[in-house]
Every structure is written in structure tokens, then in C-alpha cells.
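A.B. asks: Just dropping this structure here.
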Amino acid sequence: MSARLIVRGRARALAGELAVPGDKSIGHRAVIFGALGGGRAIVQGLSGGEDNRRTVLALTALGVAIRELGPGALEIDGIGLDGLRAAAGALDCGNSGTSIRLLSGLLAPQRFSSRLTGDEYLRARPMMRVAEPLRLMGAIVDGAAGKKSGEIYPPLTVGGTAARLHGITYSSKVASAQVKSAVLLAALQADGPTVFVEPEQSRDHTERMLRHLGVPISCSADGLSATLDPTGWDRRLPARDWQVPGDLSSAAFLLGAASLVPGSSVLVRGVGCNPTRTGFLDVLRAMGGRVERVAERDQGGEPVADLRCFAAPLRGTEIAGALTVRAIDELPLIAVLAAHADGPTEIRDAAELRVKESDRIAATAALLRAFGVEVEERPDGLRIAGRPARFRPAIVDSHGDHRIAMSAAVCALAVDGETCIDDTANIATSFPTFQSALSQLGAQLS
Ligand code: S3P
Numbered sequence: 004m005s006a007r008l009i010v011r012g013r014a015r016a017l018a019g020e021l022a023v024p025g026d027k028s029i030g031h032r033a034v035i036f037g038a039l040g041g042g043r044a045i046v047q048g049l050s051g052g053e054d055n056r057r058t059v060l061a062l063t064a065l066g067v068a069i070r071e072l073g074p075g076a077l078e079i080d081g082i083g084l085d086g087l088r089a090a091a092g093a094l095d096c097g098n099s100g101t102s103i104r105l106l107s108g109l110l111a112p113q114r115f116s117s118r119l120t121g122d123e124y125l126r127a128r129p130m131m132r133v134a135e136p137l138r139l140m141g142a143i144v145d146g147a148a149g150k151k152s153g154e155i156y157p158p159l160t161v162g163g164t165a166a167r168l169h170g171i172t173y174s175s176k177v178a179s180a181q182v183k184s185a186v187l188l189a190a191l192q193a194d195g196p197t198v199f200v201e202p203e204q205s206r207d208h209t210e211r212m213l214r215h216l217g218v219p220i221s222c223s224a225d226g227l228s229a230t231l232d233p234t235g236w237d238r239r240l241p242a243r244d245w246q247v248p249g250d251l252s253s254a255a256f257l258l259g260a261a262s263l264v265p266g267s268s269v270l271v272r273g274v275g276c277n278p279t280r281t282g283f284l285d286v287l288r289a290m291g292g293r294v295e296r297v298a299e300r301d302q303g304g305e306p307v308a309d310l311r312c313f314a315a316p317l318r319g320t321e322i323a324g325a326l327t328v329r330a331i332d333e334l335p336l337i338a339v340l341a342a343h344a345d346g347p348t349e350i351r352d353a354a355e356l357r358v359k360e361s362d363r364i365a366a367t368a369a370l371l372r373a374f375g376v377e378v379e380e381r382p383d384g385l386r387i388a389g390r391p392a393r394f395r396p397a398i399v400d401s402h403g404d405h406r407i408a409m410s411a412a413v414c415a416l417a418v419d420g421e422t423c424i425d426d427t428a429n430i431a432t433s434f435p436t437f438q439s440a441l442s443q444l445g446a447q448l449s
């Protein structure tokens, strides 16, 4: 389903206090661990987004009883590590890369075979990154051929081997929490220890939650390696309730908008501030942004804070290496902020953006050009020239990518005239209340 969003700029100062929907990454994991627990668990604060719903539907199809208690709240009857049963049909993961990759890890050790698929965008995303380590563990993972030789794409066929999986030591070429989490989920069922090593530290929600559940997992001091050793563990996960914090990746759009629109002052309550995710806050500060954490606290092993942000003139910056990974989902938004900043910005080491919900390097470059911004596209990043002499209102194609659509909306708030963003239905995958949140702060969108 396609949709169109119209944003009227230049916005008046944005002001107000609000919360954002629950963290998408943590939401998937909370539901999965709820399903694998040994009893009834309640998960609260879920985003209501389509991506998390896909994980819930898949687990339901795999035999887990899940009831909705109210907005963002689910009651899950955990069935233990061995309790899943074959679904009647294919598991449709929609647009959700996290669903298909985490479920692949969960289903790889099962004795039955599962079929996992998704929408046209998901079916174009590479899956060898999870297939390779899972195959090395002894699992069956097959997929469709596609545009790149040696790569596989959904639909995937996963699981169905009679033998127990083996523990492995695996060095991933990409820093990816989806791959790491798939391997760790499979490792719960393996016959020996698994060590997962990555080139930069990706988000560590899975490790934190497993530790919270008493699973024998340890991480190296530099965060680059996680070891899960199930030998001697009784392979039971306790039933545990989770309160999902607000999604920093959603809050970022409101903070970005507040930074760009002169006179703005916005407070976003209860946002997850896991250090493996806070690259955006560091980049915004390096650009001269005024954002601060208030009332820092812990919620189920995850750091949470309220985030206050005031408009500020921004300057260009450089983003590379570990910072790129810590800000990976916010890079299109950062590129938009860079377009409104004084001086150039370089984003490097971001080749992963090419295989997100869209090719986010190409899509971001196209969105900035539509606004009249000078931008150079590179294989692994972007160079944005900084504030053009004159912005023009744009017609933007989001390529079905929620974060491209929301980044374009933020850009439009600081540009005179009316911007049209096409193909925006997928905003609902992560931030279903995006439009109402911005409207609540005083922006004009329809
Ligand atoms: C996610 C990990 C990241 C991120 C995605 C969510 C997760 O993907 O971009 O939005 O929940 O594990 P990669 O693991 O592919 O980097």
C-alpha cells in the first residue's frame, strides 16, 4: 500500500513534551524471549509497529499463545526452547529484516523446516550473512537466487535437521546485531560454546537480555566478541516481564526536527539510551546541536533517559568507524541535518546502508538532491556540501523505506513551501504515530 505525506515548511517553532513508541529492536527480542520462557510473561511498551507485529504473528503461527492486553501490551505463554511446532504455512516477515534474521536463528536448530518470506523490499535483502554461520553450525538454510551471485534472498527454508547444532567460533565480516542475534539464538540449542566476533560492536540488546535471563553469555571488554556456552546449563529460560523503552531511532526524528526549526524546544520522555545505539546523540552534539539527557535510569538492564533538545545552528562533521555503526539507522537523518549545517559533512564506512530497507546511500542522495542540496555518493557513504544557497521544496520518493520518508519530512520542515513524500505507508513499520507526534509539536503535515 502506498501513501503520500505532505509537509508544509517552514514550520513554526516546535514545542512540547511527548513519548515515542517502544524500541523496535528490543520489542522483537522481548517477544521472542517471552515465547521461549517457561511460563507466562507480559511485554509492555511495544511500538504497535508493523515490524514487531510480524514477529508476533510468526511466533503465533509456530504455536505460541499470545494475547493483546491493550495498546503495546502482550501476554505470552512461553513454551520453552523445545516447544515450537511447525507453522501451517510460510512465515511472512513483511518489511522486517530483524524478524526474518532473528527467526532464522531461532528456527535453525528445530527438527522441522520453516519457510520465511517478506515483502518486495525484504525479498531483495541479502541473507547469506545469517545462512553462512547457521550452516557452519550444521543447520539447513536455503534461499532464492537473486541479483548478486553467491548471495541468497528470501523466501528462506530454515531448519529440519535431526542432529543437534554445533557451537562455532565465527568472525562476521559485517557488524550486525541481526546476524549476531541469529547466531546467539541458534547457539542456545547447540552442543557446545559459540563465539561470535564482529569488526565493530553492533547493538547488544540480545546479550543484555540473555544475561538478564541467566543464560551463560559473556562479552569481551571491547564488546567485539560474545561467547555463549550452553554446556552445563539446564536450557531453560525463565518467564520474565519486559518493559520496552522508547525507541531512540524514532525519537531521533523529533530531536532532528527540533534542532532544525529555529526556536524549538522539545522533550522526549523515556528513551532507550543503550551506548551501542547513541551515535546519533554524539553526532548531533558534534554538529553543535543542543541535546541533553535528563532523569537517567535503568529499565530491565537497558539505560533510559528523557531527552531535551533545543534548536541550534549546526556545523558539518565527520562520521566513520565505530560511530557509523552506533548511528547506523540514523545516518539518513544525519545527512539531512548536514544539509542544513554550515560546511561539509562526510559519512564513511557505511556500505551496510546499501542493504537496508532500501539502498539508503542512493535514496538519501536522491532525497537531498530533490531539495537542491549538493551531495556526492560514494560506495560506502556520502559527502554533503552543507547548506545550499537556496533550498527548494521537493517531491521525494521514499522507496518504501520508513527512515527515508521520515528524514525527508524533517528536512521539509526547515524549507519554505510544500514538500510531497511518496510511498510513506512503511512509516508504520517503526513509528506508526510519527505524523501525530510531529503535529502535536506544532508541525503541519497531512
Ligand atoms: C537491528 C539491527 C540493525 C539495524 C536494524 C535493527 C536489530 O541491523 O539496522 O534496524 O534489531 O538487530 P543490522 O544488524 O543489519 O546492522
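To convert a position in the sequence shown, counted from 1, into this note's numbering, add 3. Every residue gets a Cβ at the ideal spot worked out from N, C-alpha and C, and that includes glycine. As the structure is a prediction and not an experimental result, all values here were calculated from the model.
How far does the alpha helix (DSSP H) with A63 in it extend, from its first residue to its last?
C.D. replies: Here the question's residue 63 lines up with position 60 in the sequence shown. Here the sequence assigns Thr to residue 63, which means Ala is not the residue at that position. It spans 53 to 64 - the alpha helix (DSSP H) in which T63 sits, taken as one unbroken run.
A.B. asks: Is S252 a contact residue of the ligand S3P, with contact defined as CB to any heavy atom under 8 Å?
C.D. replies: If you number the sequence shown from 1, residue 252 lands on position 249. The answer is yes for S252.
A.B. asks: Do three or more CB pairs link the region 307 to 323 to the region 266 to 282 at distances below 8 Å?
C.D. replies: yes
A.B. asks: Measuring from the CB of S205, is there a heavy atom of the ligand S3P at a distance below 8 Å?
C.D. replies: Looking up residue 205 in the sequence shown gives position 202. Yes, the ligand S3P has a heavy atom inside 8 Å of this Cβ.
A.B. asks: In the DSSP assignment, find the alpha helix (DSSP H) that holds D285 and state where it starts and stops.
C.D. replies: What you label residue 285 is simply residue 282 of the sequence shown in a count that begins at 1. For D285, the enclosing alpha helix (DSSP H) covers residues 282 to 289.
A.B. asks: Taking 8 Å as the cut-off, does the CB of R13 come closer than this to any heavy atom belonging to the ligand S3P?
C.D. replies: Here residue 13 is taken as the residue at index 10 of the sequence shown, counted from 1. Look at R13: its beta carbon is at least 8 Å from all of the heavy atoms in the ligand S3P.
A.B. asks: To the nearest angstrom, how far is it from the Cα of A323 to the Cα of D145?
C.D. replies: The residue you call residue 323 lines up with position 320 of the sequence shown. The residue you call residue 145 lines up with position 142 of the sequence shown. Each residue's Cα considered, the two are about 34 Å apart.
A.B. asks: Rank E305, R390, A127 by C-alpha distance to the C-alpha of G319 and give the top, closest one.
C.D. replies: Mapped onto the sequence shown, residue 319 falls at position 316. Distances from the alpha-carbon of G319 to those of E305, R390, A127 put R390 closest.
A.B. asks: Using a threshold of 9 Å, state whether the C-beta atoms of R88 and L65 are closer than that.
C.D. replies: Locating residue 88 in the sequence shown gives position 85, where the first residue counts as 1. Locating residue 65 in the sequence shown gives position 62, where the first residue counts as 1. Going by C-beta atoms, R88 is nearer than 9 Å to L65.
A.B. asks: Using 10 angstroms around the beta-carbon of K359, count the other beta-carbons present and answer buried if the total reaches 16, otherwise exposed.
C.D. replies: The count along the sequence shown starts at 1 and reaches residue 359 at position 356. Counting Cβ neighbours within 10 Å, K359 comes out buried, since at least 16 surround it.
A.B. asks: Give me the DSSP bridge partner(s) of G420.
C.D. replies: As a working note, residue 420 is residue 417 in the sequence shown. Answer by DSSP bridge pairing, in chain order: G12.
A.B. asks: Just grab the DSSP bridge partners of T436 for me.
C.D. replies: Here residue 436 is taken as the residue at index 433 of the sequence shown, counted from 1. T436 pairs with nothing; no bridge assigned.
A.B. asks: Identify the continuous beta strand (DSSP E) that holds E380 and give its terminal residues.
C.D. replies: Counting from 1 along the sequence shown, the entry for residue 380 is found at position 377. Here the beta strand (DSSP E) through E380 covers 378 to 381.
A.B. asks: Quick one: any contact between the region 277 to 291 and the region 324 to 335, if contact means 3 or more CB pairs under 8 Å?
C.D. replies: yes
A.B. asks: Taking DSSP's pairing of strands, which residues face S425 in a bridge?
C.D. replies: For the purposes of this step, residue 425 is taken as the residue at position 422 of the sequence shown. Note on residue identity: the sequence assigns Asp, not Ser, to residue 425. Bridge partners of D425: R7, D400.
A.B. asks: Is R114 helix, strand or coil by DSSP?
C.D. replies: Indexing the sequence shown from 1 puts residue 114 at position 111. Coil, per DSSP.
A.B. asks: Tell me the DSSP secondary structure of L139 in three-state form.
C.D. replies: Here the question's residue 139 lines up with position 136 in the sequence shown. L139 falls in the helix class under three-state DSSP.
A.B. asks: Can you determine whether any heavy atom of the ligand S3P sits closer than 8 Å to the C-beta of K27, and answer yes or no?
C.D. replies: Your numbering for residue 27 matches position 24 in the sequence shown. Correct: K27 has its Cβ closer than 8 Å to the ligand S3P.
A.B. asks: What runs of the alpha helix (DSSP H), each 4 residues or longer, lie entirely inside the region 259 to 334?
C.D. replies: 282 to 289, 324 to 329
A.B. asks: What are the boundary residues of the alpha helix (DSSP H) that includes E210?
C.D. replies: The residue labelled residue 210 in the question sits at position 207 within the sequence shown. Bounds of the alpha helix (DSSP H) holding E210 are 208 to 215.
A.B. asks: Can you tell me whether A142 is buried or exposed? The criterion is at least 16 other CB atoms within 10 Å of its CB, across all chains shown.
C.D. replies: Along the sequence shown, read from residue 1 onward, the residue named residue 142 stands at position 139. Counting Cβ neighbours within 10 Å, A142 comes out buried, since at least 16 surround it.
A.B. asks: Strictly by DSSP, which residues pair up with Q1?
C.D. replies: The first residue shown for the chain is 4 and the last is 449, placing residue 1 beyond what the model contains.
A.B. asks: How about P265 and A342: do their beta carbons lie closer than 9 Å?
C.D. replies: By 1-based counting over the sequence shown, the position of residue 265 is 262. By 1-based counting over the sequence shown, the position of residue 342 is 339. It is not a contact, given that the beta carbons lie outside the stated cut-off.
A.B. asks: With distances taken between CB atoms, is the gap from A193 to M140 smaller than 9 Å?
C.D. replies: Counting from 1 along the sequence shown, the entry for residue 193 is found at position 190. Counting from 1 along the sequence shown, the entry for residue 140 is found at position 137. Result yes, Cβ atoms of A193 and M140 sit closer than 9 Å.
A.B. asks: Helix, strand or coil for S223, going by three-state DSSP, please let me know.
C.D. replies: Position 220 of the sequence shown, counting from 1, holds the residue named residue 223. S223: coil per DSSP, three-state reduction.
A.B. asks: Quick check: the Cα distance between N277 and A373, rounded to an integer number of angstroms?
C.D. replies: If you number the sequence shown from 1, residue 277 lands on position 274. If you number the sequence shown from 1, residue 373 lands on position 370. Distance between the alpha carbons of N277 and A373: 34 Å.
A.B. asks: Rounded to the nearest angstrom, what separates R238 and W245 at their Cα positions?
C.D. replies: One-based indexing of the sequence shown puts residue 238 at position 235. One-based indexing of the sequence shown puts residue 245 at position 242. Roughly 20 Å between the two C-alpha positions.
A.B. asks: Report, in whole angstroms, the separation of the C-beta atoms of A14 and L416, which I expect to be a contact under 8 Å.
C.D. replies: Reading the sequence shown from its first residue, position 11 is the one you call residue 14. Reading the sequence shown from its first residue, position 413 is the one you call residue 416. So it is a contact: roughly 4 Å between Cβ atoms.
A.B. asks: Ordered along the chain, which non-local residues of its own chain (more than five positions away) have a Cβ less than 6 Å from that of R118?
C.D. replies: Taking the first residue of the sequence shown as position 1, residue 118 is located at position 115. These residues qualify, in order along the chain: A93, P158, T160.
A.B. asks: L448 to P241, Cα distance in whole Å?
C.D. replies: Working through the sequence shown from its first residue, we reach residue 448 at position 445. Working through the sequence shown from its first residue, we reach residue 241 at position 238. Cα-Cα distance, rounded: 45 Å.
A.B. asks: For a test of the three-state rule: what should DSSP assign to I155, helix, strand or coil?
C.D. replies: Locating residue 155 in the sequence shown gives position 152, where the first residue counts as 1. The answer is coil: DSSP assigns I155 none of H, G, I, E or B.
A.B. asks: Hey, how far is the Cα of G384 from the Cα of S253?
C.D. replies: Numbered from 1 along the sequence shown, position 381 holds the residue referred to as residue 384. Numbered from 1 along the sequence shown, position 250 holds the residue referred to as residue 253. Looking at the two C-alpha atoms, the distance is approximately 22 Å.
A.B. asks: Considering only the alpha carbon of each residue, which of D419, R381, A388 lies closest to F394?
C.D. replies: Here residue 394 is taken as the residue at index 391 of the sequence shown, counted from 1. The shortest C-alpha separation from F394 is found at D419.
A.B. asks: Say yes only if the C-beta of K359 is nearer than 8 Å to one or more non-hydrogen atoms of the ligand S3P, and no if none qualify.
C.D. replies: For the purposes of this step, residue 359 is taken as residue 356 along the sequence shown, with counting starting at 1. Indeed, a heavy atom of the ligand S3P lies less than 8 Å from the Cβ.
A.B. asks: By Cβ distance below 6 Å, which residues in the same chain neighbour P219 in space, the five residues on each side in sequence not counted?
C.D. replies: Locating residue 219 in the sequence shown gives position 216, counting from the first residue. Closer than 6 Å at the Cβ level, and outside the excluded window around P219, lie D232, W236.
A.B. asks: Return the bridge partner residues of D244 from the DSSP annotation.
C.D. replies: Position 241 of the sequence shown, counted from the start, is the residue given in the question as residue 244. According to DSSP, which records beta bridges pairwise, D244 is partnered with nothing at all.
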